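Taking our numbering, the leading residue of the sequence shown gets 7, the next gets one more, and so forth.
C-beta: ideal position from N, C-alpha, C; glycine also.
Predicted, not measured: the structure shown is a model, and the values here were computed from it.
Okay, structure first, notes after.
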Amino acid sequence: MIKIEPDAWQVMVAHARSAFPNECCGAMLGSSDGDTKSVKVAVPLENAFEGSQAARYDIRPEDLLAADREARRQGLDLIGIFHSHPDCDAYFSETDLKNSCPWYSFVVLSIKKGEFDHAASFLPDFEQSAAAKEELVY
Ligand SMILES: [Zn+2]
Numbered sequence: 007m008i009k010i011e012p013d014a015w016q017v018m019v020a021h022a023r024s025a026f027p028n029e030c031c032g033a034m035l036g037s038s039d040g041d042t043k044s045v046k047v048a049v050p051l052e053n054a055f056e057g058s059q060a061a062r063y064d065i066r067p068e069d070l071l072a073a074d075r076e077a078r079r080q081g082l083d084l085i086g087i088f089h090s091h092p093d094c095d096a097y098f099s100e101t102d103l104k105n106s107c108p109w110y111s112f113v114v115l116s117i118k119k120g121e122f123d124h125a126a127s128f129l130p131d132f133e134q135s136a137a138a139k140e141e142l143v144y
């Protein structure tokens, strides 16, 4: 289960709404206790995809490294990545799977007509062949 604390959730929704009609992306910092993860800080990152960003996002490796360093500075871990699906449901696409890594939770926010609609979290496997749905609380 992944639980997103209110302050972090507000940052994620605000970032997703402001990026609309493009996809947004960002890092989730927090802690894990067994199977329960808790997101305490959300860090908006720039969508670095060169091309139409309406259905794609890219995170620069150096931005992710900086988020990881920030997590450590705050005594937290980088536990996941979030991105938005403008005018599209919160599913895990083939592209999402291809760009995934198995040690992070991937939260997808569905933004419809500029407003938050729903969200889901996914846990990709090591082969990048499937992503199980993870219980998401926000
Ligand atoms: Zn996606």
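beta-carbon residue i near ligand 1 non-hydrogen atom, thresh 7 Å
i: residue 124; result: no
i: residue 114; result: yes
i: residue 102; result: yes
i: residue 127; result: no
i: residue 106; result: no
i: residue 111; result: no
i: residue 58; result: no
i: residue 89; result: yes
i: residue 99; result: yes
For residue j and residue i, believed in contact at Cβ under 8 Å, the rounded distance
i: residue 33; j: residue 49; result: 4 Å
i: residue 111; j: residue 129; result: 6 Å
i: residue 115; j: residue 22; result: 5 Å
i: residue 63; j: residue 29; result: 4 Å
i: residue 65; j: residue 51; result: 6 Å
Assigned secondary structure, residue i (DSSP; H/G/I helix, E/B strand, else coil)
i: residue 18; result: helix
i: residue 68; result: helix
i: residue 123; result: strand
i: residue 138; result: strand
i: residue 145; result: Coverage of the chain is limited to positions 7 through 144, which leaves residue 145 absent and any answer about it impossible.
i: residue 24; result: helix
i: residue 54; result: coil
i: residue 61; result: coil
i: residue 130; result: strand
Unbroken beta strand (DSSP E) run spanning residue i, endpoints
i: residue 82; result: Here residue 82 belongs to no beta strand (DSSP E), and DSSP marks it neither H nor E.
i: residue 112; result: 111-118
Nearest-angstrom Cα separation, counted from residue j out to residue i
i: residue 59; j: residue 19; result: 17 Å
i: residue 124; j: residue 117; result: 7 Å
i: residue 142; j: residue 101; result: 21 Å
i: residue 42; j: residue 25; result: 29 Å
i: residue 99; j: residue 137; result: 10 Å
N- and C-terminal bounds of the alpha helix (DSSP H) containing residue i
i: residue 93; result: Premise fails: residue 93 is in no alpha helix (DSSP H) and is neither H nor E.
i: residue 102; result: 100-104
heavy atom of ligand 3 below 7 Å from residue i C-beta
i: residue 81; result: No copy of ligand 3 appears in this structure; the ligands present are ligand 1.
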